[in-house]
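Residue numbers in the sequence shown follow my numbering, run continuously in steps of one, and reach 948 at the last position.
Glycine included, every Cβ here is placed at the ideal spot set by N, Cα and C.
None of the values given here were measured: they were computed from a predicted structure.
First up is the structure itself, then whatever we jot down about it.
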Amino acid sequence: MSVLYVQSTQKGSGKTAFCTSLAKLLNDQSKKSIVVKVNSDADEFDIDTSSFNLLLGQKTIKLPDLNNSKDYIKELSSAIKKLEKDYDVVIVEGSYHLDIKDATQLWNNLSAKIILIHGYELDYKIENYSKEYKNVGENLIGVLINKLPRYQVSTAGDSIVPSFESIGINCIGVVPENRKLVGISLDQLVSHIGGKYIIGEDFDKSPIESIVIGGTGLDSGEVTFSKRSNQAIVIRSDRPDIQMAALRNEISCLLVTDGLNIIEYVYYEAENQNVPIIGVEKSTIEIMETLSNVSEISKFDTNEKLDFSKTFFSENIDLDLICQQIGISS
């Protein structure tokens, strides 16, 4: 058995998406793999574990509880080692909550290979990695630079990658940010903004990958709303002209603000197009403030995201190197 430990220093760096996608790629190559998650926040642990089970068809693995264990690292190491007889590769998703000293002890106990996920942050000092990972040695496969803004991709080879290499950390891939991987469901959106379905709660629902405010540009509504896919259009409830322009395009939903009733022909057109309408009492400005952190509720929990990420990660990371380092053929 090989153990791969995936570590990051930030929440939301993309570990769950990477671990799930890699496991699926290995399973597709008849390499039996499983993903287990180091206990962190209880709700986060339950959600991610459920996603692993749903997307990979794996069973829940009972692991020690961080808060009810006399020697958590020792017990966790033992539990993971018991998987050796059943799997070719065990992928351990680490927790940024876990102290670096404990994480080091865990991956040493497991003789694990290590991948770092660096979720791009403009003000994060890469030199910090030198202090925390300087003693990992040859077990460190390298760092994956994830969620890099597209305007930074062309310069990554001139700045970010050399910065890691200067402290002895190999770069195994640069993955640009992508809306498909941070999209949310319509039900998540409704819950987040405190809205309600005016129509369409039982419609087939598209994911939300973009949020667009209607009526702010100089172009016609039909032109503005044709530029993106899977978009939620935020429009005041007293602007039926913009609402109708939005409905002439393929959109995921109308989100109408200010709590007024929409007029009947908008209602019937949306129903005819199977486009849900969400209503909120708040103003457009208040809603956009609420939506400023909407990416934080995104979860890697659908087969559509998994299918996309398998290809997306394969195109942007060195899978052959990873397979070589964990001792399996790609």
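When the Cα atoms are used, what is the spatial distance from residue i to residue j?
i	j	result
L836	D938	Reliability fails at L836, whose pLDDT of 45 lies under 50, so the model's placement of it is uncertain and the value that follows must be treated cautiously. If I take the Cα positions, the gap works out to 49 Å.
K650	Q676	11 Å
L878	I829	21 Å
K923	E827	12 Å
I735	I881	49 Å
L799	F918	7 Å
E899	L872	14 Å
S932	N686	39 Å
R949	Y883	Residue 949 lies beyond the stretch modelled for the chain, which goes from 619 to 948, so this question has no answer here.
L640	L909	31 Å
S844	I709	41 Å
L807	K703	43 Å
L716	Q942	28 Å
L766	Y738	6 Å
V707	L684	24 Å
M862	E887	8 Å
Y747	Q770	20 Å
K688	E889	58 Å
L865	K642	37 Å
F930	T842	28 Å
S855	I940	52 Å
N671	I831	37 Å
S916	D859	31 Å
S669	N764	20 Å
Y885	R797	29 Å
R768	I665	29 Å
A635	V793	12 Å
Y667	I851	The sequence shown places Thr at residue 667, rather than the Tyr named in the question. Between T667 and I851, the C-alpha separation is close to 33 Å.
Determine the contact status of residue i and residue j, defining contact as a CB-CB distance below 8 Å.
i	j	result
P894	G818	yes
I732	L701	no
I744	S803	no
N892	F821	yes
I946	S620	yes
L673	N934	no
I778	I896	no
V874	I853	yes
E795	C789	no
S824	S870	yes
G791	D936	yes
Y714	Q628	yes
S901	D876	yes
Among the options, which one has its Cα closest to the Cα of residue i?
i	options	result
C637	L762, D704 and D689	L762
E914	Q625, G630, S687 and L622	G630
G755	I665, K765, G786 and K917	G786
G712	V800, D720, D704 and Y623	Y623
L758	S626, D876 and I905	S626
G801	T902, Q849 and V710	Q849
V654	V808, L644 and T678	T678
K633	S927, Q943 and T842	S927
E750	S772, A774, G760 and K719	K719
H810	K692, I944 and M906	M906
V912	D805, D717, S669 and S748	D805
L681	N645, Y885 and N657	N657
D646	D925, E889, Q628 and D666	D925
T692	T722, N671 and S669	First, the residue type needs correcting, since residue 692 is Lys and not Thr in the sequence shown. Per the Cα distances, T722.
I944	G832, I851, N764 and G760	G760
Y705	L644, S669, I665 and F670	L644
Which residues does DSSP pair with residue i in a beta bridge?
i	result
H736	I763
R854	T875
P794	L766
V830	I851
K814	G897
K731	L622
I935	G791
S713	Beta-bridge pairing links S713 to no other residue.
S651	V707
L804	Paired residues: none, contrary to the question.
L799	DSSP output for L799 lists no bridge partner at all.
L758	I732
Closer than 8 Å, CB to CB, is residue i near chain D or not?
i	result
E750	No chain D appears in the structure shown, which is made up of a single protein chain.
Practice task
Could you tell me whether the stretch 684-699 touches the stretch 727-734, using the rule of 3 or more Cβ pairs below 8 Å?
Solution key: yes
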